[in-house]
Amino acid sequence: MKKSIILLALFLMIGLLVAGCGGGQQADKGDSDKIEKQVWKIAHEEIPGSVQDAYAQKFKQLIEEKTNGAIEVEVYPVGEIGDAIQHIEFVQSGALEFVLTNPGNIGTTIPETQLFYLHFLLPDDEEQVREILNTSKAVEMLNDLHLEHGLKVLDWFPEGYMMWTANKPLRTPEDFRGFKMRTMQSPLIVATYEAYGANPTPMPYLEVYSGLQLGLIEGQVNPLFAIEEMKFYEVQDYIMLSKQDTFVAYLAAGLDFYEGLSDELKNIVAEAVEECNEYVFEVQKRLNSERLEAMKAARPSLNVIELTEEERDLFRQASMPARERFVSIAGPRGKEILDLLVQEVEALR
Ligand code: 6CS
């Protein structure tokens, strides 16, 4: 907490200095428009080379191009200015302009948003997941809830199916009995693994590798690109291609900052976001597939198990009590959003 306040103060000071230096300076954009010089900061919760980093770098490139360099975008991967939970606080307070994050990190503030971690809720087809994220009324309701917390959600995108890793096969819910499964710090994610009888153990992302190495946790769940770049496969003998949920992420801006933008800048941001959304979908597809092959090549003894539809069905049935837990955690508004999302997914089938 103390560290978070110091970091926040530091960023506010830097922000004031930059605003002071840039005040009044104008840069040409085309022949007519003038955009005030400024620096925007975007933090994300992954390491360089990840899916979120690809999004942030593309966003930087597009904003800088579209403003003819008047706006400079600085990208901060996880750990450079605090952790993912602190990033959200920084955006709410105006110390950062943008954040790429995931519903697990905002679970205790906006519990409804955690619904994406319910297993077997989103479609199995990732093109359909993308369509839902881009068109859903349920997602719009979640965006409205973020406004109440000083956040303007600008984009949602999938980062790939969540896959389990362990030092033993996980083929049935019984295999999870008492299993120390690392999860993100979200009460709902914990509930989803409790539904299988596991012993979920929340732990920060950057501690997972050593947690596995030391035996503090026995397994973890993440998309393939992350299992590779975080080197989890070096300390786990099995990867289960389980696909029970999709890692969903989103871009948010500080509401006060966003509302203070001119219409021209809001349009530039909207154009950049649309391009990033398409770009990152292809990036995650490529990274998830290439990196599975890279892990197999780097560690030939790694066991990759593709769960059968029958095995996935056992998990589907066992996962249903977590939906009741979601409703008890997220209340009537959460139930309304969940029911709507279920209908929207059904309509796509
Ligand atoms: O498991 C986690 O904590 C993290 N996984 C990914 C793919 N992105 C960031 C997140 O914090």
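Letter by letter, the sequence shown follows residues -17 to 331 of my numbering. Ideal placement from N, C-alpha and C gives every residue a C-beta, glycine not left out. All figures in this text were calculated on a predicted structure; none of them were measured in a lab.
Of the residues Ala25, Ala52, Met144, Leu127, the one placed nearest Gln39, counting alpha carbons only
Ala25
How many angstroms separate the CA atom of Ala280 from the CA atom of Ile70?
36 Å
Can you look up Ile311 in the DSSP assignment and give me helix, strand or coil?
helix
Thr90 burial status per 10 Å Cβ neighbour count (16 or more: buried):
exposed
Could you tell me if the beta carbon of Tyr232 falls within a distance shorter than 7 Å of some heavy atom in the ligand 6CS?
no
With Ile311 and Leu198 assumed to form a contact (beta carbons below 8 Å), what rounded beta-carbon distance in angstroms separates them?
In fact, because the Cβ distance is near 26 Å, the residues do not count as touching under 8 Å.
To which residues does DSSP link Thr228 through a beta bridge?
Tyr143
Between the Cα of Ser135 and the Cα atoms of Ala231, Lys19, Val21, which residue gives the shortest distance?
Checking the displayed sequence, the identity of residue 135 turns out to be Val instead of Ser. The candidate whose alpha carbon is nearest that of Val135 is Ala231.
Compare the beta carbon distance of Met163 and Gly201 with 8 Å and say whether it is the shorter of the two.
yes
For Ala334, the three-state DSSP class (helix, strand or coil):
Since the displayed the chain opens at -17 and closes at 331, residue 334 lies outside it and no answer follows.
Using a threshold of 7 Å, is the CB atom of Phe229 nearer than that to any non-hydrogen atom of the ligand 6CS?
yes
For Arg273, does the count of other Cβ atoms within 10 angstroms reach 16, so buried, or fall short, so exposed?
buried
Give the range of the alpha helix (DSSP H) segment to which Ile250 is assigned.
245 to 280
Expressed to the nearest angstrom, what Euclidean distance is found between the alpha-carbon atoms of Leu269 and Glu189?
23 Å
Should the segment 141 to 149 be called in touch with the segment 206 to 222, which here means at least 3 C-beta pairs below 8 Å?
yes
What does Ala234 pair with, by DSSP beta-bridge criteria?
Val81, Val135
Reference Ser168; option with closest CA among Ile67, Ser224, Tyr215, Ala300
Ile67
Decide if the segment 26 to 38 is in contact with the segment 69 to 89; the criterion is three or more beta carbon pairs, one per stretch, under 8 Å apart.
yes
Exposure of Ser271, with buried meaning 16 or more beta-carbon neighbours within 10 Å:
exposed
Around the C-beta of Pro314, are 16 or more other C-beta atoms found within 10 angstroms, so that it is buried, or is it exposed?
exposed
Note down, in chain order, each residue of its chain lying with its Cβ closer than 6 Å to the Cβ of Gly12, except the 5 sequence neighbours on either side.
Legend: pLDDT at Gly12 = 46, less than 50; position of this residue unreliable, value from coordinates given subsequently. Around Gly12: no qualifying Cβ.
Expressed to the nearest angstrom, what Euclidean distance is found between the alpha-carbon atoms of Gly86 and Lys16?
39 Å
Which whole runs of the beta strand (DSSP E) in the segment 56 to 132 are 3 residues long or more, in chain order?
80 to 83
C-alpha gap between Glu18 and Ala52, whole angstroms:
6 Å
Could you tell me whether any non-hydrogen atom of the ligand 6CS is closer than 7 Å to the CB of Tyr58?
no
Other residues of its chain near Lys23: CB distance less than 6 Å, five sequence neighbours each side excluded:
Glu56, Leu78, Glu79
Would Pro140 be called buried (16 or more neighbouring beta carbons within 10 Å of its own) or exposed?
buried
Tell me the rounded alpha-carbon separation between Ile88 and Val172.
14 Å
Three or more beta-carbon pairs under 8 Å between the segment 175 to 188 and the segment 296 to 312, yes or no?
yes
Quick check: Phe308 and Gln266, are their CB atoms within less than 8 Å of each other?
no
Closest to Phe214 by C-alpha separation, out of Arg153, Leu196, Pro155, Asp227, would be which residue?
Leu196
Which first and last residues belong to the alpha helix (DSSP H) in which Glu176 is found?
169 to 176
Label Glu28 either buried or exposed according to how many other C-beta atoms from any shown protein chain fall within 10 Å of its C-beta, with 16 as the threshold for buried.
buried
Under the DSSP definition of a beta bridge, which residues are partnered with Thr154?
Partner(s): none; Thr154 has no beta bridge.
Any heavy atom of the ligand 6CS inside 7 Å of the beta-carbon of Asn84?
yes
Distance, Cα to Cα, Leu247 vs Met123?
25 Å
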